[in-house]
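One structure is given below, encoded as structure tokens.
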Amino acid sequence: MFIGKIRRKRQPIARYNQQIAYLFLFPSLAVFIVFIIYPIGFSLWSTFTNWNLIQSAKYVGWANYIRLCNDERFWNAVYNTIVYTIGVVPVGTALSLLLAVALNQNIKGTKFFRTVIFLPVVASTAIIAIVWTFLFDPQIGLFGYYLSKIGITMGAWLREPDRAMLAIIIVSIWKNVGFNMVIFLAGLQGIPYSLYEAARVDGANRLQMFRYITLPQLRPTTVFVVVMSVLSSFQVFDQIYVMTRGGPLYRTETLVQYIYHHGFTTFQMSYGATVAMFLLVVILALTILQLRLFDRPVD
Amino acid sequence: MVVQDSNRVERIALFTVLVIVSIFMLFPFVWMLCTSLKPEADVVTWPPRLFPRRITFEAYKTIWHQIPFLRFFLNTIVFAGGVTLSSLIFDSFSAYAFARLDFPGKNALFTLILITLMVPFHVVMIPVFSLLHKLDWINTYAGLMIPRASSAFGIFFLRQFFRGIPRELEDAAFVDGANVWWIYSKIILPLSKPALATLAVFHFMFNWNDFLWPLIVTTSVNMRTLPTGLALFMGKHVVEYAILMAGVVLALLPVTIAYLSAQQHFVRGIALTGLKG
Chain A
118 MFIGKIRRKR QPIARYNQQI AYLFLFPSLA VFIVFIIYPI GFSLWSTFTN
168 WNLIQSAKYV GWANYIRLCN DERFWNAVYN TIVYTIGVVP VGTALSLLLA
218 VALNQNIKGT KFFRTVIFLP VVASTAIIAI VWTFLFDPQI GLFGYYLSKI
268 GITMGAWLRE PDRAMLAIII VSIWKNVGFN MVIFLAGLQG IPYSLYEAAR
318 VDGANRLQMF RYITLPQLRP TTVFVVVMSV LSSFQVFDQI YVMTRGGPLY
368 RTETLVQYIY HHGFTTFQMS YGATVAMFLL VVILALTILQ LRLFDRPVD
Chain B
115 MVVQDSNRVE RIALFTVLVI VSIFMLFPFV WMLCTSLKPE ADVVTWPPRL
165 FPRRITFEAY KTIWHQIPFL RFFLNTIVFA GGVTLSSLIF DSFSAYAFAR
215 LDFPGKNALF TLILITLMVP FHVVMIPVFS LLHKLDWINT YAGLMIPRAS
265 SAFGIFFLRQ FFRGIPRELE DAAFVDGANV WWIYSKIILP LSKPALATLA
315 VFHFMFNWND FLWPLIVTTS VNMRTLPTGL ALFMGKHVVE YAILMAGVVL
365 ALLPVTIAYL SAQQHFVRGI ALTGLKG
């Protein structure tokens, strides 16, 4: 029975509002339909064709998807994307959580530290990647020199197949740790102080408080940060394009690199779109997982 | 809020760790600034030095004619500024319609916008490029800006804010004979200044920094924005480090200054998105 459910029905402002609403919506909807909705449909359609720059598109059935399954370079890109994600997400999340907890104490200079740690977030990834490219160059960057002083020789990481991805992971963590830290700080502010007071009365030490109050209370925040980081890791492009272009030996070629390669280098657009469909499915699956885990109302 | 007490020793240890972290975070910025102030001959020396032996502003003078840096700068201002302005206008239009007006198909349209929010740009970049190509919009400001003229995120964000504005003012104005446009422009917008500022900061920074979009929409050097222009300059002439670093410093300067002077808007704008550029 819905008798108890009182819903204050607003008097609609006037009937002509209904048409005027479409006027208000028109510019945004036009942009979305032409530049997002239609391209999604086109993209999906094109994966069943041999669409490229030269020929007109012909229906080819599942050929692109079959090619995808047998394409070693594609699976290499999937593998690299996963390696990158595993390199960035756990370390990045843990670091940002620790920094947030550290900055949530009443330490001198908190504001300064927060400003500095967040600074890379506002810098353009592509531009800052130029700087990192030089920093990793043993000829000009100082890291190699400093390390050699303490007896470690560092080669040109970006040109070493086994080290290039590590270098990119370091840059990405450096770039994004401040972003996640701010989200964790917001989460920490939301934990009721009374919980800590009660724990102190019970004689808990600080480590126990962290383990049994802070961590469980931050669970929704942590889920959010992890899912967001995974989503953005699957879409990494800028720093790789600038620092290695996917090399050496395709060892840093990720999914978006590979889409770009087919869309804008070989111009096999339909195959690039097929790789993009794979990315879309992964992203949508992760998004739905996030909405489930998070139980966040869409409103 | 002070959550936990800590003793003196722990505080000093924590402080030290944070100082080390800060040095690491700042190092690339310090390095780029120092390198840009060196004479070109001093950049590649052994042993390498962080601080310049002699400070010169030579690189900051030569960059303007060595590469079309002014052009990059103006392109970026037009692109980021134009997109921010149009997005604020169109996002607030749609947000107002969704927050306040009743019309058939409202839920369906809102769902449509939700879908566009979930689809990453990379998925549509190939067909969008081909569409721009057909429209002959490659290497034009229209091509750079119109596909970005509105953002689903902005609509969500503003709609949320508009819904929090009490209705009483509007009801009173309506009784007095005000129309929808008047209510939108004279009541809703003025009351939403903080939200609009946050969104403006987000849009401007996102587009100023963006790389892949201008990379595919522009192919001629004269239409490049700062990130694409500098990154591709690096690919071609790696030797002139001081000049490139001067360009990097100048390109990062506007957003950095804005960030340092309006931190709250930045942190809020970025944290709210949950989307990294």
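Read top to bottom, the protein sequences are chains A and B. Counted the way this note's numbering counts, the first sequence spans residues 118 to 416. Counted the way this note's numbering counts, the second sequence spans residues 115 to 391. All C-beta atoms in this analysis are idealised placements derived from N, C-alpha and C, irrespective of residue type, glycine included.
Check: ASP188/A versus chain C: which residues are under 9 Å apart at the beta carbon?; Outcome: Note that chain C does not occur in the displayed structure, where the protein chains are A and B.
Check: Which residues, in order along the region 157-179 of chain B, keep a beta-carbon less than 7 Å from a beta-carbon of chain A?; Outcome: VAL157, VAL158, PRO161, PRO162 and LEU164
Check: Since ILE301/B contacts ALA287/B with CB under 8 Å, what's their CB separation in whole angstroms?; Outcome: 6 Å
Check: Note down the Cα distance separating GLN356/A from TYR174/B, rounded to an integer number of angstroms.; Outcome: 25 Å
Check: Across the region 279-290 of chain A and the region 370-382 of chain B, are there enough close Cβ pairs to call them in contact, namely three or more that are closer than 8 Å?; Outcome: no
Check: From the DSSP secondary-structure annotation, give me the bridge partner or partners of TYR100/A.; Outcome: As shown, chain A starts at 118 and ends at 416. That puts residue 100/A outside it, with no answer to give.
Check: Check MET146/B in the structure and name its three-state DSSP category.; Outcome: helix
Check: Between LEU335/A and GLY304/A, how many whole angstroms is the CB-CB distance? I'm expecting something under 8 Å.; Outcome: 5 Å
Check: Does DSSP classify TYR367/A as helix, strand or coil?; Outcome: coil
Check: Within the continuous alpha helix (DSSP H) that includes TYR298/B, where are the two ends?; Outcome: Where TYR298/B is concerned, there is no enclosing alpha helix (DSSP H), given that its DSSP letter is neither H nor E.
Check: If you reduce the DSSP assignment to three classes, tell me which class LEU335/A lands in.; Outcome: coil
Check: Just the chain A side, please: which residues come within less than 7 Å of SER244/B by C-beta, in chain order?; Outcome: MET386
Check: Here's a check: name, in chain order, each residue in its chain whose Cβ is nearer than 7 Å to the Cβ of MET118/A, leaving out the five neighbours to either side.; Outcome: Note that MET118/A scores a pLDDT of 37, beneath 50, so its modelled location is shaky; the value from the coordinates is reported in the next line. There are no such residues.
Check: Listed from N- to C-terminal order along the chain, which residues in the region 382-406 of chain A have their beta-carbon within a distance smaller than 8 Å of any beta-carbon of chain B?; Outcome: MET386, GLY389, ALA390, ALA393, MET394, LEU396, LEU397, ILE400, LEU401 and THR404
Check: Within 10 angstroms of the Cβ of ALA307/B, are there 16 or more other Cβ atoms? Answer buried if so, exposed if not.; Outcome: Going by the sequence as given, residue 307/B is Lys instead of Ala. Flag for LYS307/B reads exposed.
Check: Between PHE354/A and VAL373/A, is the Cβ-Cβ spacing less than 7 Å?; Outcome: yes
Check: Assuming ALA138/A and LEU215/B form a contact by the criterion Cβ under 8 Å, report the distance between their Cβ atoms to the nearest whole angstrom.; Outcome: 4 Å
Check: Is PHE394/A helix, strand or coil when you go by DSSP?; Outcome: The amino acid at residue 394/A is misidentified as Phe; the sequence shows Met. Helix at MET394/A.
Check: CA-CA distance, GLN222/A and LEU340/B?; Outcome: 39 Å
Check: What do you get for ASP319/A, buried or exposed, if any count of 16 or more other CB atoms within 10 angstroms of its CB means buried?; Outcome: exposed
Check: Does the distance from the C-beta atom of TYR375/A to that of VAL392/A stay below 7 Å?; Outcome: yes
Check: Assign ILE268/B to one of three DSSP states: helix, strand, or coil.; Outcome: According to the sequence as given, residue 268/B is Gly; it is not Ile. Residue state, collapsed to three classes: helix.
Check: Please list the partners that HIS236/B has in chain A, where partner means a Cβ-to-Cβ separation under 7 Å.; Outcome: GLN352, VAL373, ILE376, ALA393 and LEU396
Check: Under 7 Å Cβ-Cβ, which residues of chain A neighbour VAL233/B?; Outcome: ILE153, ILE157 and LEU397
Check: Classify ALA240/A as helix, strand or coil using the three-state DSSP reduction.; Outcome: coil
Check: Could you check the C-alpha separation between VAL144/B and ILE269/A for me, to the nearest Å?; Outcome: 23 Å
Check: So, is the C-beta of ASN323/B closer than 7 Å to a C-beta in chain A?; Outcome: yes
Check: Counting beta carbon pairs with one atom in the region 239-252 of chain A and one in the region 322-334 of chain A, are three or more of them shorter than 8 Å?; Outcome: no
Check: Enumerate, from N- to C-terminal direction, the unbroken beta strand (DSSP E) stretches of 3 or more residues contained entirely within the region 327-376 of chain B.; Outcome: none
Check: Which stretch, first to last residue, makes up the alpha helix (DSSP H) that contains ARG163/B?; Outcome: Where ARG163/B is concerned, there is no enclosing alpha helix (DSSP H), given that its DSSP letter is neither H nor E.
Check: Using 7 Å as the threshold, is the C-beta distance between MET239/B and GLY196/B below it?; Outcome: no
Check: With H, G and I counted as helix, E and B as strand and the rest as coil, what does DSSP make of ASN181/A?; Outcome: helix
Check: Candidates LEU366/A, VAL347/A and LEU146/A: which alpha carbon is nearest GLY219/B's?; Outcome: LEU146/A
Check: With a cut-off of 8 Å on the beta carbons, I'd call ILE269/B and SER200/B a contact; round off their distance for me.; Outcome: Actually they are not in contact, since the Cβ atoms of ILE269/B and SER200/B sit about 13 Å apart, beyond 8 Å.
Check: Using the rule of at least 16 other Cβ atoms within 10 Å of the residue's Cβ for burial, across every protein chain shown, is ILE227/B buried or exposed?; Outcome: buried
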